[in-house]
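> Chains as they are written, first to last, in the numbering used here: chain A, 406 to 699; chain B, 16 to 106. Even for Gly, the Cβ is constructed at its ideal location relative to N, Cα and C. The structure that follows is given in the form of structure tokens.
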Amino acid sequence: MANLKEIKKRINATGAMRQVTRTMEMVSTAKIRGAQNRIEHARPYAAALAKILGRVTKAAGNIAHPLLEVREDVQRVMIVAVASDRGQAGAFNSNVIHLTEARLNEHRAAGHTVELVSVGRKVAAYFRYRGIEPDLSVEGHSGSPTYEDAKALADRIIAEYSAAEIDQVVLIYNRFVNVATQRPEITYLLPAKSEEMADDGADEAGAALDYLFEPSAESVLETLLPSYVESLVFKALLESAASEHGARRTAMKAATDNAETMINTLTRSYNRARQAAITTEIAEIVGGAAALEG
Amino acid sequence: MARSLLVEVVTPDATVFSGEVESVVVTTPEGELGVLPMHAPLVARLGKGQLRLRPVGKEAAQVFTTEGGYFQVAEDKAIVLTDSAQAADAA
Chain A
406 MANLKEIKKR INATGAMRQV TRTMEMVSTA KIRGAQNRIE HARPYAAALA KILGRVTKAA
466 GNIAHPLLEV REDVQRVMIV AVASDRGQAG AFNSNVIHLT EARLNEHRAA GHTVELVSVG
526 RKVAAYFRYR GIEPDLSVEG HSGSPTYEDA KALADRIIAE YSAAEIDQVV LIYNRFVNVA
586 TQRPEITYLL PAKSEEMADD GADEAGAALD YLFEPSAESV LETLLPSYVE SLVFKALLES
646 AASEHGARRT AMKAATDNAE TMINTLTRSY NRARQAAITT EIAEIVGGAA ALEG
Chain B
16 MARSLLVEVV TPDATVFSGE VESVVVTTPE GELGVLPMHA PLVARLGKGQ LRLRPVGKEA
76 AQVFTTEGGY FQVAEDKAIV LTDSAQAADA A
């Protein structure tokens, strides 16, 4: 009889768990939509910015800017790892963490100084536990980053790069391919590649137009480049957020399905145990009656 | 035929305004800059200040407060890129 009770308890516990995972799945589904919308809304801005930037770099010709400066001898590298504040999202966090760690070790082996910037509590916690304190840890907004968050992070990166405290900035984040697929990706944030930016604006009709610049091409470029970096960081944060919800939904769907299978199995053993108990009882009664008759 | 200018006001979070206007006034760090249709191609930096749009066929101007950003106009198409554009009461 104790067995029956125990199975019942497990069925109930699994049922409660399924309720939780199913709710999380639905919450994530709703949040994916929001995050996707935000990516959509951010796109015109990034596109327009790239267009203007392409225009300006072309007009300004060969100009030097700290953010465009490619340093031959890379000694100090900044790794910006973007993941989540929360777990329960499958391999979402660990994908980024493992890429980051591999990269970190690679640079350390080559004798480079590595500055680690982590976005999301989970990333920071992982490296802290292994005795690597992130030089900067951004926490608390991984689910829905704002432009201000991106700006604050980008400003710090730009300041350090401009001051030549770092020679290269690498960004590691989960790229949002679609709702079911997120791909961890490594991209180079700085130095910025001016050819890339010019390409973005080149296909536009009227590229040959002679532009006036107010106050001057150099001065426009001076603020335009940081804005460009900001928008790249913002895009990475948004994609990461959307990926997080996507990954969590997939993970929670799997958890819900597993709970369902488990409940089915448990219910089957419960029924079997109950039937066994009844059969034993009947056998006992029949046995008892037979003993009386005899 | 009165000409008009297609203007888009874009922030990182949304496209705030998109439509035909008769004139645009933006604030650059060196002062206000008014643009009418058929303006020469121009790229400008924006400062903190007002952005005034006069939509076609409307008396009242639409006013936004912008903070930094860029302005580009070419062939009667203009883009205002700014970190934030708050709608303000027409003064």
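Can you tell me whether DSSP reads A:N583 as helix, strand or coil?
The answer is coil: DSSP assigns A:N583 none of H, G, I, E or B.
> Would you tell me roughly how many angstroms separate the C-alpha atoms of A:V691 and A:L697, rounded to the nearest one?
Roughly 10 Å between the two C-alpha positions.
> Quick check: A:E644 and A:R580, are their CB atoms within less than 7 Å of each other?
Cβ distance < 7 Å, so A:E644 and A:R580 count as in contact.
> Which whole-angstrom value is the C-beta distance of A:I591 and A:R535, which I expect to be below 8 Å?
Actually they are not in contact, since the Cβ atoms of A:I591 and A:R535 sit about 20 Å apart, beyond 8 Å.
> Nearest-angstrom Cα distance between A:E538 and A:D572?
Spanning the two alpha carbons is a distance of roughly 20 Å.
> Would you call the region 429 to 439 of chain A in contact with the region 647 to 657 of chain A, where contact means no fewer than 3 C-beta pairs closer than 8 Å?
Taking 8 Å as the limit for Cβ pairs, the verdict is that the region 647 to 657 of chain A does touch the region 429 to 439 of chain A.
> For chain A, is any of its Cβ atoms less than 7 Å away from the one on B:R60?
With 7 Å as the cut-off, B:R60 counts as an interface residue toward chain A.
> Check whether the region 53 to 72 of chain B touches the region 19 to 35 of chain B, counting contact only when three or more Cβ pairs, one atom from each stretch, lie closer than 8 Å.
Yes: at least three Cβ pairs fall under 8 Å.
> Checking contacts by CB at 7 Å: is A:Y633 closer than that to chain B?
No, no contact with chain B.
> Out of A:Y566, A:Y593, A:Y578, which has the shortest C-alpha to C-alpha gap to A:Q587?
When each option's Cα is compared against that of A:Q587, the closest is A:Y578.
> Counting only runs that start and end within the region 481 to 552 of chain A, where is the beta strand (DSSP E) found for 3 or more residues in a row?
Whole beta strand (DSSP E) segments, 3+ residues: 481 to 487, 518 to 524, 541 to 543.
> Give me the Cα-Cα distance between A:G525 and A:V501, rounded to the nearest whole angstrom.
Whole-angstrom Cα-Cα distance: 11 Å.
> Report all residues from its chain with a CB closer than 7 Å to the CB of A:T672; omit the five preceding and five following residues, and keep chain order.
Here the set comprises I416.
> Is there a C-beta anywhere in chain D that falls below 7 Å from the one on B:D28?
In the displayed structure, chain D is absent; the protein chains listed are A and B.
> Shorter than 6 Å, the distance from the beta carbon of A:K414 to the closest heavy atom of the ligand HEM, or not?
Ligands displayed in this structure: none; no statement on the ligand HEM is therefore possible.
> Taking B:A55 as the query, report the chain A residues whose CB atoms sit under 7 Å from its CB, ordered along the chain.
Under the 7 Å cutoff, chain A gives L617.
> Pick from A:N408, A:A659, A:A597: whose alpha carbon is nearest that of A:L472?
Ranking the options by Cα distance to A:L472, first place goes to A:A597.
> Helix, strand or coil for A:D605 per DSSP?
Legend: pLDDT at A:D605 = 48, less than 50; position of this residue unreliable, no value from coordinates given.
> Have a look at A:R438 and A:V584 and give me their C-alpha separation to the nearest angstrom.
Straight-line Cα distance between these residues: approximately 9 Å.
> How would you list, in chain order, the residues of chain A whose beta-carbon sits under 7 Å from the beta-carbon of B:L51?
Within 7 Å Cβ-Cβ: nothing; B:L51 doesn't reach chain A, min ~15 Å.
> Closer than 8 Å by beta-carbon distance: list the chain A residues that pair up with B:T43, in chain order.
The contacting residues are E619, P620.
> Closest to A:R423 by CA distance: which of A:A660, A:S674, A:L409, A:A681 is it?
The residue with the shortest Cα to Cα distance from A:R423 is A:A660.
> Between the region 441 to 451 of chain A and the region 622 to 640 of chain A, do three or more beta carbon pairs fall short of 8 Å?
Verdict: yes, contact present.
> When you compare the CB of B:Q101 with every CB in chain A, is at least one pair closer than 7 Å?
Cβ-Cβ to chain A under 7 Å: no for B:Q101.
> If the criterion is Cβ atoms closer than 7 Å, does the pair B:E82 and B:S99 meet it?
Going by C-beta atoms, B:E82 is nearer than 7 Å to B:S99.
> Going by the beta-carbon positions, is the gap between A:L458 and A:L629 smaller than 7 Å?
Yes, Cβ-Cβ distance for A:L458 and A:L629 is below 7 Å.
> List the residues of chain B whose Cβ lies closer than 8 Å to the Cβ of A:A447, in chain order.
Going along chain B in sequence order, the residues near A:A447 (Cβ under 8 Å) are P27, D28.
> What in chain B is Cβ-close to A:S636, meaning under 9 Å?
What A:S636 touches in chain B: P27.
> I'd like to confirm the pairing. Which residues does DSSP put opposite A:L576 in its beta bridges?
In the DSSP output, where bridge partners are listed per residue, A:L576 has A:V485, A:T592.
> If you scan the region 20 to 52 of chain B from start to end, which runs of the beta strand (DSSP E) of 3 or more residues do you find wholly inside it?
Runs of the beta strand (DSSP E) inside the region 20 to 52 of chain B: 20 to 25, 30 to 43, 46 to 50.
> Listing by chain order, which chain A residues have their CB less than 7 Å from the CB of B:D98?
Neighbours of B:D98 on chain A, chain order: Y552.
> By the 7 Å beta-carbon criterion, what residues does the region 79 to 94 of chain B contribute toward chain A?
Within the region 79 to 94 of chain B, the residues whose Cβ lies closer than 7 Å to some Cβ of chain A are Y85, Q87, A89, E90, I94, listed in chain order.
> Helix, strand or coil: how does DSSP classify B:Y85 here?
Strand at B:Y85.
> Out of curiosity, what's the CA-to-CA distance linking B:Y85 and A:E553?
Rounded to whole angstroms, B:Y85 to A:E553 spans 18 Å at the Cα level.
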